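Comments concern the structure below.
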Amino acid sequence: MSIEAHGPGLLQEVKMADQSLLSESALGWSIFALVFLVILSFSWVYIRKYQSRQESEVISTITAICALAIALITSALLPVDIFLVSYMKHPNGTYKEWAEHNETRGQIEDTVLYAYYSLYSILLFCVFLWIPFVYFYYEEKDDDNINKCSQVKNALKYTIGFIIVCAALLLIGAFVPLEAPPNQNGTQWEKMQYLFEELGNNHGVPALSFSISSLTLIGMLAVITYRAYGMSVLPLNLIKGTRSVVYERLENTEDIEEVENQMEKIKAKCEDGRPLSSRDRRNLQEFEDKLQILLGIFFILFALLFVVALFISNLDKALHSAGITSGFMVFGTNLTNPLNELLLTLQPVFPLDYVLITVITMYFVFTSMAGIRNMGIWFFWIRLYKIRPKRTRPQALLFLCMILLLIVLHTSFMIYSLAPQYVMYGSQNYLLQSPMPPGNNTTWTTKTCDADAPQDECTVTRSYLFLHKFWFFSTIYYFGNWVFIGVFLIGLLVSCCKGKKSVIEGEVEADDSDMSEDEYVH
């Protein structure tokens with residue numbers, strides 16, 4: 064029977080439900096589109112800041128910009144995913160009218176899933192084909208006796224190794240059984256047939272998930288190496304790089320606006336061409352130093368909040384998880400995690416949680432970049448490249464882009480470690496029937512969705528399902544988080560013991576064999 068046959072009232076309800084679905088979905092995707100444009104602009108400015116002015120190459124620059132942008136855009140999809148599953152339900156735990164049917168919810172979830180498909184596939188293309196080819200192309204270009212055809216041929220020859228690795232990861236992910244075959248006594252052919260059927264039913268999600276998770280393990284190593292150190296060295300360099308008398312006068316972070324106003328007044332004096340007096344120059348330097356200290360204090364407080372939240376989350380897993388074979392899955396809320404609670408509070412007022420996730424992601428990028436700049440790019444004990452503003456060679460730029468891509472790829476896993484409930488279910492609630500004595504009326508209690516919730520009552524984000532297919536990856540991330548905390552504390556201790564950083568430290572050194580002499584000219 065058609066909807067019209069039920070009368071105009073039902074038809075009006077369906078139209079209103081469809082309008083609600085479209086408006087709420089459009090809000091999430093419109094914010095994502097805006098962030099998409101901002102990310103493209105940021106990637107362009109950031110890569111252009113570091114590329115060499117003497118050895119800049121169009122192809123390497125475009126490659127670096129696009130790859131970094133795709134990685135950031137992928138991380139920006141997480142809040143949209145969380146927003147869509149959260150807005151399917153009312154605060155009291157019941158589904159909204161437009162989300163009452165499984166088919167409608169499935170359509171929304173599939174939209175996000177296809178977006179992940181596309182972005183992760185592009186990332187695999189960048190990591191295993193595009194970036195290696197461009198890198199080896201410019202490595203061959205250093206040989207003056209080689210022509211373009213041979214240059215392309217040699218680059219392709221080296222890139223084939225990366226393609227083979229990618230194919231191997233996809234095949235392993237496609238055929239590693241997530242569940243045992245139902246017929247354990249069947250023939251080998253029946254078991255293989257079962258694996259192929261599962262591959263078709265899952266639409267290739269395990270294959271792509273395994274490949275991305277494998278890359279994220281490499282990203283975890285980069286995070287432990289660079290970000291953990293950068294989180295300590297960046298704020299302490301800002302604080303120790305100024306005169307101690309300014310630090311003594313600093314009272315609180317409310318001075319930021321006053322400092323900036325004072326600086327603008329001093330700078331306005333020289334707009335008409337008059338040089339600043341020595342007193343004004345000293346005052347300007349003092350205000351700049353003071354602002355630098357304020358930024359350093361902000362970064363160190365943010366770092367401590369991040370590490371505390373990560374420690375609480377890992378401690379909760381150590382004490383209350385289902386064990387190592389579950390990937391340290393935690394059922395219910397046991398220890399209060401400040402970052403998880405903050406994100407859950409902000410999520411209903413979309414896009415406030417989006418803003419916070421963006422701030423966290425950019426903080427990860429800047430601190431990772433601080434670690435890379437201070438340490439350089441190494442292969443075991445051999446330093447390959449230094450990363451410097453306006454003096455980074457095309458090959459080093461591609462290496463930098465690859466490292467940042469893997470670090471950003473690890474961000475979704477790190478945010479899950481910091482706020483597991485937020486990443487899995489957002490702000491969803493569900494109704495739980497309370498046990499009552501016979502003869503009494505049934506009562507329902509509103510509970511927050513967690514890993515212990517009924518499957519049909521809470522919708523899990525596509526991000527969680529996509530990136531947590533294999534329990535052993537989650538287990539490795541758990542132990543990696545402990546290593547990260549340890550490296551951060553060691554880096555903090557080392558940074559505190561070191562003296563003030565030289566203005567030209569890491570910029571110009573005697574062993575700069577990887578840079579031309581023209582690069583040293585300012």
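Just so it is clear: in the sequence shown, position 479 is 542 by this note's numbering, and no numbers are missing. Backbone N, C-alpha and C fix where the C-beta goes; we use that ideal spot for every residue, glycine too. These figures come from a predicted structure and were not determined experimentally.
Checklist entry - Roughly how far, in whole angstroms, is the beta-carbon of LEU131 from the beta-carbon of SER295, given that I think they are within contact range, below 8 Å? => result Between SER295 and LEU131 the Cβ distance is about 24 Å, and since that is not below 8 Å, they are no contact.
Checklist entry - Where does THR399 sit, in a helix, a strand or coil, going by DSSP? => result coil
Item to check | Inter-residue spacing [alpha-carbon to alpha-carbon] between GLN117 and ARG345 | outcome: 35 Å
Item to check | Terminal residues of the alpha helix (DSSP H) in which ALA555 lies | outcome: The identity of residue 555 in the sequence shown is Leu, whereas the question assumes Ala. 534 to 560 is the span of the alpha helix (DSSP H), which, as asked, contains LEU555.
Checklist entry - From SER497 to THR509, what does the alpha carbon distance come to, in whole angstroms? => result 10 Å
Next on the checklist: Just list the residues that DSSP pairs LYS380 with in beta bridges.
Outcome noted: Bridge partners of LYS380: none, in fact.
Checklist entry - Do the stretch 368 to 382 and the stretch 536 to 555 touch if we need at least three Cβ pairs shorter than 8 Å? => result Output reads yes: the stretch 536 to 555 touches the stretch 368 to 382.
Checklist entry - Is the stretch 179 to 186 touching the stretch 131 to 150, taking contact as three or more C-beta pairs under 8 Å? => result yes
Checklist entry - PHE442 by DSSP, collapsed to three states: which one? => result PHE442: strand per DSSP, three-state reduction.
Item to check | Residues near THR316 by beta carbon distance below 8 Å, same chain, minus five either side | outcome: Low local confidence applies: a pLDDT of 44 at THR316 is under 50, so the model's placement there is unreliable, with the coordinate-based value given in what follows. Counting only Cβ-Cβ distances below 8 Å, and skipping sequence neighbours, we find LEU357, ILE360 and PHE361.
Next on the checklist: Going by beta-carbon coordinates alone, are GLY521 and TYR488 separated by less than 9 Å?
Outcome noted: Reading the sequence as shown, one finds Cys at residue 521 and not Gly. The answer is yes: Cβ separation under 9 Å.
Checklist entry - Helix, strand or coil: how does DSSP classify SER497 here? => result strand
Checklist entry - Skipping 5 residues on each side, what residues in its chain have a beta carbon closer than 7 Å to that of TYR426? => result PHE365
Checklist entry - What does a CB cutoff of less than 8 Å around ARG525 pick up in its chain, not counting 5 residues either side in sequence? => result ASP144, GLU172, VAL175, LEU176 and TYR179
Checklist entry - Using DSSP with H/G/I as helix, E/B as strand and the rest coil, what is TYR109? => result For TYR109, the three-state secondary structure derived from DSSP is helix.
Next on the checklist: I need the straight-line Cα distance from GLU163 to PRO154, nearest angstrom please.
Outcome noted: 15 Å
Item to check | Three-state class that DSSP yields for TYR448 in the structure shown | outcome: strand
Checklist entry - Tell me which same chain residues have a C-beta within less than 8 Å of the C-beta of SER213, skipping the five on either side of it? => result GLU203
Next on the checklist: Assuming THR474 is part of the alpha helix (DSSP H), what are its boundary residues?
Outcome noted: 474 to 481
Item to check | Buried versus exposed call for VAL101 [16 or more other C-beta atoms within 10 Å across all chains shown] | outcome: exposed
Next on the checklist: So for THR408, helix, strand or coil by DSSP?
Outcome noted: Correct three-state label for THR408: helix.
Item to check | Span of the alpha helix (DSSP H), counted from its first residue to its last, around LYS43 | outcome: No information on residue 43 is available, as it lies outside the stretch 64 to 585 that the chain covers here.
Next on the checklist: In this structure, how does DSSP classify TYR150 when only helix, strand and coil are distinguished?
Outcome noted: coil
Next on the checklist: Three Cβ pairs or more, each shorter than 8 Å: is that satisfied between the stretch 422 to 440 and the stretch 283 to 297?
Outcome noted: Touching, yes.
Checklist entry - If you drop the 5 nearest sequence neighbours on each side, which residues of the same chain put their C-beta closer than 8 Å to that of ARG446? => result Around ARG446: GLY439 and ILE440.
Next on the checklist: Quick check on this structure: which residue in SER115, SER138, THR279 and PRO195 has the alpha carbon closest to the alpha carbon of LYS220?
Outcome noted: When only C-alpha atoms are compared, the closest one is PRO195.
Next on the checklist: Given this structure, state the Cα-to-Cα distance separating LEU367 from VAL412, to the nearest angstrom.
Outcome noted: 26 Å
Checklist entry - Exposed or buried, ASP515, counting other C-beta atoms within 10 Å across all chains shown (16 or more means buried)? => result Label assigned to ASP515: exposed.
Next on the checklist: Beta-carbon within less than 7 Å of TYR417's beta-carbon, same chain only, minus the 5 sequence neighbours each way: which residues are those?
Outcome noted: ILE94 and PRO142
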